[in-house]
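Report on the structure given below.
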Amino acid sequence: MPFIPHTEDDTRAMLATCGVDSIEDLFDEIPPELRADALDGIPAGRDELAVSRLLHARAAENAQPLCFSGAGAYEHHIPAAVWEITTRGEYYSAYTPYQAEASQGTLQLLYEFQTMMAELTAMEVANASLYDGATALAEAVLMAVRANRKSKARRIFMPRTVHPRYRDVMQTIVRHQGITLELLDYNSAGGHIDPASLPAEPGDITALVIPQPNFFGVLEDADALTDWAHTHGALVIGVVNPTAMAVITPPGEWGVLDENRGADIVCGEGQPLGIPLASGGPYFGFMCCKQKIVRQMPGRIIGATVDLEGKRGYVLTLQAREQHIRRSKATSNICTNQGLMTTAATIYMTVMGPTGLERVARQCHANTRALVQRLGETDGVETLFDRPGFHERVLRLPRPAGEVLAELAERSILGGVDLAADYPELGHALLVCATETRSEADIDAYAKALAEVLG
Amino acid sequence: MSNEPLIFEHSRPGRVNRAQSAHLGGNLDGIPESLRRKQPPRLPEVSELDAVRHYTRLSQKNFSIDTHFYPLGSCTMKYNPRACNTLASLPGFLGQHPLSAERDSQGILACLWDLQEMLKEVTGMTAVSLTPMAGAQGEFAGVAMIRAYHDARGDNARTEILVPDAAHGTNPATATMCGYKVREIPTDTHGDIDIEALMAAVGPQTAGIMLTNPSTLGVFERRIHEIARIVHEAGGLLYYDGANLNAILGKVKPGDMDFDVIHMNLHKTFSTPHGGGGPGAGPVGVSERLQPFMPIPVVGRDDSGAFRWLDERDLPQTIGRLSAHMGNTGILLRAYIYALMLGREGMVRIADYATLNANYLMARLRDAGFDMALPERRATHEFILTLKHQAREPGVTAMDFAKRLLDYGFHAPTTYFPLIIPECLLIEPTETESKQTLDAFVEAMAAIQAEAEKDIETLKGAPYSLPVRRLDDVKAARKLDLRWQAEA
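Protein sequences appear in the order of chains A and B. Under the working numbering, the first sequence has 154 at position 154, and the numbering climbs by one with no breaks. Under the working numbering, the second sequence has 1108 at position 108, and the numbering climbs by one with no breaks.
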């Protein structure tokens, strides 16, 4: 019996202890009319060898073209040590660390993770993760509504330069809480939110969301936007790419006004930190904030403390915010987070170090510039937006991007993300990206294939 | 066990792990100085060996299924077969970009389609959406669908969700997130829902009820049909919290109990890893009337038989997306691999042996002198032991027992849940533990009881053999220390 260790003797002895004749007798409290028929729609069990054969065949049916797509999920090199250690049974098969004394490994690691995320974003504190970048942003919006006590409007300014799927998820999650998401349009020349376009008298705003870099890969004028928001009593929610943080001004330092400097809440997608693409998950969301609003932060938070003998140790803290204590008054219904993913991310950041992470960021940036330059040599291909960017860019093609991508796919190239559905006003727009994993030869192959397709 | 310093304390300025980045770099042309970072983040500067040694040592401070028995009620901590991890980690799966073309993703789509079909069959629901990333998100999706259903009918007066007082904390928290008020329904002395109270509570304001069956008290809700009738007649819908699905897998289908929507915790019933607190996966199953509202994406097939994503164009009334992509695909894949190995017979055997193990352990503990919260009831896959007598005399609590069990090499059972049973341990052995392990657990419990009778201080000071002694939670919450700080 797969994964059931009982011998016939064991089962007999156990039934005798229970005082019944058969296992079936143990189900006698279930009304008979509820008992299910056989599960005919489910195949018969298979052994590991047979299942392995099937899964290898299925994996082979997934084509693996050369990837130039990003849009929130980036192919980075992951050092072998990361998953070798992460999949140790002591991490992989451990429970949520409620029993702190039996979970010091996970708890210390998460305390280190919180420190690393706070360092990367230059924020004061971080939580131990949320599900993914999109849900982290939704939770950040809910947190802002709780934390901004002066604002009564529950009104969020949401740039159209935020990832369209993140905006979809936010709608799903916050729509029942009387929160208004007001879309801000972007500057068509820069691809960014022009601070000068923001209203002088916006009224009561709860928070402004600032993506950095934004969905187009464009760098927002985060200083001016932050100062504008704070001047009008709004909190600032930064949505950032963690790789970019190695080289771009981190949200904790946004703004030039001394008072209230920096974003108030920062969140984002953690996938670039050692998590494989894996068809979209599992990834992890991260969240950081200013210390003064930490009690409004959702999700698990680890704190250092001491034991009976005064020795340093770690526990889940601020549990009074959480659903298992506060029930209907909790800050969120979140129960699990993405523990194993943060384990990998912590080891990734450690193995790379500040120098390694910066080199990765620089290489991504250089590769994307090289890619954009090469693709731009093809007739009819132009680069959109004149603002500075990081590691991702929008191109405009002479033909619908969907058609071009299909033809590139036949040449084993995943050529980017078609923006027609989300940004029809941009014409035949394509979002491209080249991380450190793309070589000069790869970029060359894409340029040649594109020239063929458009030729 | 010796103290392991923080990774930051291993750090030395200028130490670089060159194997990972020696040939990487490039200039930041195009990014003006004003947008560039001035000071690098203070991440650790260590060698690869330092990193591997540190995180290996930390791992050794954890309990885990691979090293310890976890009789953790309502959490279903069963063995996580290694094949599930190995096969889900094939490069063909891990390397797939989420925005890959459907024609390049037929392998993963086929796996997800098969899993949807299997979960439909085993739950008796009409359709399944795999996208919720955890049980709590599945719950959210379920209640949001209930709300969307009422809204679509213009039935806007329904403002309340009913929740039993023994329910998981996520239930009321979820109802609140969906804009509902929560009304608690009491439990009767036999552990069933108080039907009189339910009848008094339902009305035109009732949007639905959230139930776990078997309940969190570890017993089967025998009058489920009556409950369903009462709630449905009032115009409400029934939500099934699948936390305890392990107890009835293949024995009873939630669809046959007249539930309208259910979520499943694949990290419980389908043995995907808990990973020290996630990632999970919480697919939802729906009855026909909720099908139009399912969260997207869902895997469908076109006329040629090819798999494709269904989105808002296919399900215009969907409650929407819950993640940027498909949710925790890699976890779904592990559940699928597990389900393939079990097959139809294996699924039913899970319920059989999970139930046998729970009833055996309950009988042995009762024989050893412990009190059960509901002694007249059969255990399902779990049961509740109450230490209320021990708490009075000699004065040891459920917490003391839990901490002392750690010294005996057992993870503690769930303590102080459900909230309505005093000094309780909620115990769930799962089907993957052997009789020998269960017997050893009984011996440990008996030994701790004997210690308690002799000298309660032994228990009060536990644990003794772990990396740390009992930790000060109060201090942690009062004097927040949430990160390492460099010496000034």
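All C-beta atoms, glycine included, are put in the ideal place defined by N, C-alpha and C.
query, result
"What residues of chain A sit near B:Q1060, judged by a beta carbon separation below 8 Å?", "E90, G105"
"Could you pull the start and end residues of the alpha helix (DSSP H) that A:Y111 belongs to?", "104-121"
"Under DSSP, the alpha helix (DSSP H) around B:K1454 begins and ends at which residues?", "1435-1454"
"For B:F1008, tell me which candidate among A:P5, A:L109, A:T7 has the shortest Cα-Cα distance.", "A:L109"
"Is the separation between the beta-carbon of A:V209 and that of A:I179 shorter than 8 Å?", "no"
"What residue range is occupied by the uninterrupted beta strand (DSSP E) comprising B:L1385?", "1383-1386"
"For B:G1300, go through chain A and note every residue whose CB falls closer than 7 Å to its CB, in chain order.", "Neighbours of B:G1300 on chain A: none; closest Cβ ~16 Å, over 7 Å."
"Please name the residue or residues paired with B:I1262 in a DSSP beta bridge.", "B:Y1240, B:G1285"
"Note down the Cα distance separating B:M1133 from A:G416, rounded to an integer number of angstroms.", "26 Å"
"Assuming B:C1075 is part of the alpha helix (DSSP H), what are its boundary residues?", "Counting along the chain, B:C1075 falls outside any alpha helix (DSSP H), and DSSP gives it neither H nor E."
"Taking Cβ to Cβ, would you say B:L1374 is nearer than 8 Å to B:G1191?", "yes"
"Can you list, in chain order, the residues of the region 1055-1083 of chain B whose Cβ is nearer than 7 Å to any Cβ on chain A?", "Y1055, T1056, L1058, S1059, Q1060, K1061, N1062, F1063, S1064, I1065, D1066, T1067, Y1070, L1072, C1075, M1077, Y1079, N1080, P1081, A1083"
"Return the CA-CA distance between A:I265 and A:C288, expressed in angstroms with no decimal places.", "6 Å"
"Where do the ends of the beta strand (DSSP E) carrying A:E269 lie?", "265-269"
"If you run the structure through DSSP and keep just helix, strand and coil, what is B:T1159?", "coil"
"Using three-state DSSP, classify A:D418 as helix, strand or coil.", "strand"
"Among residues of its own chain, excluding the 5 on either side of B:T1432, which ones have a beta-carbon nearer than 6 Å to its beta-carbon?", "K1078, Y1079"
"Let's test the definition: count the other Cβ atoms within 10 Å of the Cβ of B:H1389 and tell me whether it reaches 16, buried, or not, exposed.", "exposed"
"Can you find a C-beta in chain B that's less than 8 Å from the C-beta of A:H6?", "yes"
"Would you mind giving the Cβ-Cβ distance between A:Y91 and A:I302, rounded to the nearest angstrom? I have them listed as a contact below 8 Å.", "With a Cβ gap of about 15 Å, A:Y91 and A:I302 do not count as contacting."
"Do A:P388 and B:L1035 come within 8 Å of each other at the CB atom, strictly closer than that value?", "yes"
"Taking 6 Å as the limit between beta carbons, can you name the residues of its chain near A:W228, skipping five residues before and five after?", "P195, L198"
"Counting only C-beta atoms, is A:E48 closer than 8 Å to chain B at any point?", "yes"
"Which residue's Cα is closest to the Cα of B:H1411: B:D1066, B:P1005, B:H1023?", "B:D1066"
"How many angstroms separate the CA atom of A:R46 from the CA atom of B:A1339?", "9 Å"
"Starting from the C-beta of B:R1057, find all residues in its chain whose C-beta is less than 6 Å away, skip the five residues before and the five after it, and write them out in chain order.", "E1004"
"Whole angstroms is fine: what's the gap from A:I193's alpha carbon to A:N367's?", "26 Å"
"Below 9 Å on C-beta distance, what does A:D337 contact in chain B?", "Here the sequence assigns Asn to residue 337 of chain A, which means Asp is not the residue at that position. What A:N337 touches in chain B: A1134, G1277, G1278, P1279."
"Do the region 1360-1371 of chain B and the region 16-24 of chain A touch if we need at least three Cβ pairs shorter than 8 Å?", "yes"
"Beta strand (DSSP E) containing A:Y283: first to last residue?", "That residue, A:Y283, is in no beta strand (DSSP E); it is neither H nor E in DSSP."
"Assign B:T1170 to one of three DSSP states: helix, strand, or coil.", "helix"
"For B:A1083, which residues from the same chain have a beta carbon less than 8 Å from its beta carbon, with the 5 sequence-adjacent residues on both sides left out?", "I1337, M1341"
"Determine the DSSP secondary structure at A:T86, reduced to helix, strand or coil.", "helix"
"For the region 161-172 of chain A and the region 212-219 of chain A, state whether three or more C-beta atom pairs, one from each stretch, are separated by less than 8 Å.", "yes"
"Let me know if A:V256 comes out buried or exposed under the rule of 16 or more other beta-carbons within 10 Å of its beta-carbon.", "exposed"
"So, is the C-beta of A:D442 closer than 8 Å to a C-beta in chain B?", "no"
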